[in-house]
Each structure stands twice: as C-alpha cells, then as structure tokens.
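Number of protein chains: 2
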Amino acid sequence: MEKLTIIKVGGKIVEEDASLQQLLNDFAQIEGHKVLVHGGGRSATKLAEKLGIETKMVNGRRITDKETLDITVMVYAGLVNKKIVAKLQEIEINALGLTGADMNIIRSDIRPVKEINYGFVGDVKQVDGKKLSLLIREGIVPILAPLTHDGNGNMLNTNADTIAGEAAKALALYFEVKLIYCFEMKGVMADITKEDSVIRDIDRQKFEELVKTAVVKDGMIPKLENAFDCITAGVKEVTITQSTDIKGINGTTIH
Amino acid sequence: MEKLTIIKVGGKIVEEDASLQQLLNDFAQIEGHKVLVHGGGRSATKLAEKLGIETKMVNGRRITDKETLDITVMVYAGLVNKKIVAKLQEIEINALGLTGADMNIIRSDIRPVKEINYGFVGDVKQVDGKKLSLLIREGIVPILAPLTHDGNGNMLNTNADTIAGEAAKALALYFEVKLIYCFEMKGVMADITKEDSVIRDIDRQKFEELVKTAVVKDGMIPKLENAFDCITAGVKEVTITQSTDIKGINGTTIH
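Heads up: the sequence lines are chains A and B, in that order.
Numbering-wise, my numbering puts 206 at position 206 of the first sequence, and it's gapless, one number per residue.
Numbering-wise, my numbering puts 151 at position 151 of the second sequence, and it's gapless, one number per residue.
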C-alpha cells in the first residue's frame, strides 16, 4: 500500500507567523501522501474577546453556543485554514482546505446533553475515507479544519485530535497510515522533569506497565488509549511528539 | 456537451436565513451540473463594525487592508461559505466550499496601485477549468467564495461577479455553460419605473442600440459588456435576473 502521513498540529504553532512557516516548510518535505489537521482555539478565543463574547470552558472544553460556533467557523475554516492553504500553495503543495461538511467528508452527531450542554459540538460518526483517498491519490493535500456537520444543516465544533484519529482509521483501508500528534512536550516522558527521558516506543504491554507504575497518568492515558484504538483499527503507527518535530523523529511511537 | 449552470448571488440573499433557505431550495432543483458563487459584503461590514475596524470604500469598492482581508477571509470562506455548504449537504447536494487558493483553482494578481491602493484585492489571472471540471463531473457542486490567492502566500479579496464570469469562461471548454447573475432588479429594464418593462433578450446589435438611445447606461454598461465577453469566450448564455429567480426564467438573457 502507498504511504500516508497524517499530522495534527495544535493552535499555537499555526497562529504565529514564524512557527507556521517553519511547520509548513517541514510539512512540505514529508514524502508521499499527506494530510494536515489543525487547531485554532487561541485565535477563536482572541476573536471572541474582541467581540465581547465570553469564552466558556468546562474541564478544558469549550462550550459552543451559537455565537461561539460562528466564531469557530470563521477562525478555523476561514482565517487559519486559508492562511495554511495559501502558504502551502506558495511552496507548490496542492492544498485543499476542508471541513467535515465539504463533500460530506466527516459527519458528526451533536454531543448529547448529560451533565453539561456543550452546545454545537460534534462527536464524529463517519469519515468518508473513500472520497478522501480519491482526492489524496490525485495529489491533493487535504487540510482539515476542526469542524464537522450533522447532516441537518449545522456545522459542529469538533476536537482536532479526534478528527485526526478518525481520519487515520478511515484512511487505513486505503493507505499505510502514520499518524503524528504534535503537542507541547517531546513525547511521553519517563520523568517529566528530565528533557532527555522520552520513552521512544510503547506497545500495549509496555503501556499497561507504565500505567501500573504511574509513569503514565492523567491526560496522557486517554491520549495513549486513543492511539492504541487507531493501531487496532489498522493504523501502522502513531507518534506523539513536539510541533518542531513533525516528522516524529524524536517522539514516542505507539505500535 | 453536458450542461452546467453557474449562479452568482450577492451578499444580501445569503445573509438572511429565510432568503438563503429559499435560494438553496431553488438551487437544489436546477438540473445538471452546477456551481454557486456567493458574496458576503454586508456580513463583512457588520463584523468590521463590531470589531471597530473602519470599512473604507472608494467608488463602491472596498479598500482591503490587512485587517480587512482577515475579516473577508473569515466571513466569506468561513461563515457564509460553510453555512451554505452545510445547508446544501442537508438537502443532499454534494457541496464543496472553495476559495481560489484551494487546489490553486483561481490565481490572481494583486491589483496594481494607480490613483487608488485597493490593498489585498485580486484581479483574476487564471482559472483552472480542468481541475474544476473534474470535480464537477464527479458530482461535486463547487461553492465559490469571492477570494483568490496570488501564489505568494496571500489570500486576495476578489469581486464575486468577476469570479463567476472567469469561471464560466474557463468551464466553457468543458460544458455548455449558462451563467446567471442575480441582482436587485428583475433584469435590464426598458423603463426603470415600470416593473413589467424587462427586456427579455439582448444581442450585441440590440445592446449598441440600447446604449445609443441611453436606455442602458451607467453601471449597466460594464455589466453587459462583461456578459458579452463571456459569450465571446464560449459561454452559451448569460442571464441577469433577480435573486428570487435563480433559474433565470424572467430575467434578461444575453446571447
């Protein structure tokens, strides 16, 4: 099977011109087929502030009322996505910006209200891997904004990590998929105070040991569980690394 | 050749929920291949106001400084475009929102500074009709936002009428193209005070007569000249009509 690299980057790196340019230059150098999934939360919060709209967060998650939804659509699908697309075109990468609504690529269900009403937030239901794979085989590089739709005419704010994971699973039927999650740390650390303590490889057995010994805890547990879900679904490998290392050379690889 | 209808609608109709829904229902009923080109200027002006950014207009044209460019990208490529795409997906139209940067579909030159510096405004240089035609033949319905790019990493604010005209010309190599411009009047009027005075057909000879007798004047002259340019370039017919008549049944047809 042909190789495909899916890279997920957070908001911060795409929202500052210098780090964005570096990221896109690195991205351009990745060989073979590729997909970029981006965030943009900081810019959304900034625009909301300027408009005097309060950003409500519960457990680190944005509550997306109608006004906030419009802001996320403007920032993610507009400002951030098109800046990336235009800059990639400049360096001859045939980028195509997409939300889940475009070509019905990613359908979501609006998150059910339990204790918390998250508002216009989508839980991914289906990724059309076939349609995405056809675009990719044509040499197109999809740039996915963290937005999906519900099929009832509504855009939905959707977690970028989830989009990257679900896209990787759906595309694993068509490509040998490598998924790279960029975040603020170098990888999964054996000792968070030691820069050189990155654990380079984790398989399921090692993961269980790391959890048992509390080396891996808190927010890292669902991150790794999500990575193993991808592996189970046929993704070749998942790497967790820094945004300055989008090739995943120095991060933690889950397989 | 297969038929293709390109419809250009202005900002007002897409910016009010009721008229937008009616427009999209009408659009869904158009048979054969289709493309929608939309504006969004009113929403951009509204957002600029809320952000305390002055909208500068010269001769009815927006001056697009860096801040204003970001606003047009957020509103045109984000808010307006994705609302249309999500609502078309709801009624089973396989919409794909595009700016000129996406897949390098429309390349522009930044408008040269003469008396007036329009800022980040693009004059269309090239439309990739081949790539667009491939998407269209796959059953995809492109929804074009009035934005292009310069190939140097910049998005450019671009007149929606121009985009519709240039896309029609480029696609005339691949389809029998009908181009429909929707505006505030019923069509070209013999007597602007009489609602039932729409001139139903205009060919080049009639156009010259109408200009000579001053029935057609002012802003209508470049509009019609633009329409004849399309005809010369191989577009089958151009209709100028009201937004409530996107099938172009009661408007003025130029051929």
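Positions of the beta carbon are idealized from the N, C-alpha and C atoms, including for glycine.
Exercise. Where in the stretch 157-214 of chain B do unbroken runs of the beta strand (DSSP E), each at least 3 residues long, occur, reported from the N-terminal end onward?
Worked result: 176-183
Exercise. Which residues of chain B have a Cβ atom closer than 7 Å to the Cβ of residue 97 of chain A, listed in chain order?
Worked result: 102
Exercise. By how many angstroms is the C-alpha of residue 50 of chain A removed from the C-alpha of residue 133 of chain B?
Worked result: 41 Å
Exercise. Along chain A, in chain order, which residues have C-beta atoms closer than 9 Å to that of residue 149 of chain B?
Worked result: 82, 85, 86, 89 and 90
Exercise. Can you tell which of A/68, A/79 and A/69 has the C-alpha that lies nearest to the C-alpha of residue 73 of chain B?
Worked result: A/79
Exercise. Under 7 Å Cβ-Cβ, which residues of chain B neighbour residue 73 of chain A?
Worked result: 78, 79 and 82
Problem set entry | Inter-residue CB distance, residue 75 of chain B and residue 40 of chain B (contact presumed, cutoff 8 Å) | 5 Å
Problem set entry | For residue 142 of chain A, the three-state DSSP class (helix, strand or coil) | strand
For this session: Would you list, in sequence order, the uninterrupted alpha helix (DSSP H) runs of no fewer than 4 residues that lie entirely inside the stretch 39-73 of chain A?
Result: 41-50 and 66-72
Exercise. Does DSSP put residue 233 of chain B in a helix, a strand or coil?
Worked result: coil
Problem set entry | Neighbourhood of residue 119 of chain A by C-beta, 6 Å cutoff - its chain only, sequence neighbours within 5 removed | 63, 64 and 65
For this session: Would you tell me roughly how many angstroms separate the C-alpha atoms of residue 160 of chain B and residue 193 of chain A, rounded to the nearest one?
Result: 55 Å
For this session: Check whether the Cβ atoms of residue 179 of chain A and residue 168 of chain A sit closer than 7 Å, and answer yes or no.
Result: yes
For this session: Have a look at B/148, B/146, B/131 and B/147 and flag the residue whose alpha-carbon is nearest the alpha-carbon of residue 140 of chain B.
Result: B/131
For this session: Return helix, strand or coil for residue 8 of chain B, following the three-state DSSP convention.
Result: strand
Exercise. Residues of chain A with a CB under 7 Å from the CB of residue 153 of chain B: which are they?
Worked result: 86, 87 and 90
Problem set entry | Residues of the stretch 54-74 of chain A whose Cβ lies closer than 8 Å to any Cβ of chain B, in chain order | 70, 73 and 74
Exercise. Can you list the residues of chain A that residue 50 of chain B reaches, using a CB-CB cut of under 7 Å?
Worked result: 51
For this session: Give the straight-line distance between the Cα atoms of residue 109 of chain B and residue 234 of chain B, rounded to the nearest whole angstrom.
Result: 24 Å
Problem set entry | Member of A/183, A/165, A/60 and A/228 whose CA lies at the smallest distance from the CA of residue 201 of chain A | A/228
For this session: Under 7 Å between beta-carbons, which chain A residues line up against residue 94 of chain B? List them in chain order, please.
Result: 103 and 104
For this session: Name the two residues that bound the continuous beta strand (DSSP E) containing residue 95 of chain A.
Result: 95-98
For this session: Sort out for me which residues DSSP pairs residue 109 of chain B with in a bridge.
Result: B/123
Exercise. Can you tell which of A/94, A/103, A/188 and A/242 has its C-alpha closest to the C-alpha of residue 94 of chain B?
Worked result: A/103
For this session: With residue 79 of chain A as the anchor, note down where its alpha helix (DSSP H) starts and where it stops.
Result: No alpha helix (DSSP H) contains residue 79 of chain A, which DSSP labels as neither H nor E.
For this session: For the beta strand (DSSP E) holding residue 254 of chain A, just list the boundary residues, first then last.
Result: 252-254
For this session: Compare the Cα-Cα distances from residue 45 of chain B to each of B/218, B/69 and B/32 and report the closest residue.
Result: B/69
Exercise. Roughly how many angstroms separate the alpha carbons of residue 177 of chain B and residue 230 of chain B, rounded to a whole number?
Worked result: 10 Å
Exercise. DSSP state of residue 216 of chain A, grouped into three classes?
Worked result: coil
Problem set entry | Proximal residues to residue 91 of chain A (C-beta, below 8 Å), its chain only, five neighbours per side dropped | 24, 25 and 28
Problem set entry | Span separating the alpha-carbon of residue 191 of chain B from that of residue 107 of chain B | 39 Å
For this session: Rounded to whole angstroms, what's the CA-CA distance from residue 11 of chain A to residue 127 of chain A? Just pull it up for me.
Result: 22 Å
Problem set entry | Of the listed residues A/82, A/223, A/43 and A/77, nearest to residue 82 of chain B (C-alpha basis) | A/77
Exercise. Using the beta-carbon of each residue, which ones in chain A are nearer than 7 Å to residue 140 of chain B?
Worked result: 103
Problem set entry | Secondary structure of residue 114 of chain A, DSSP reduced to three states | coil
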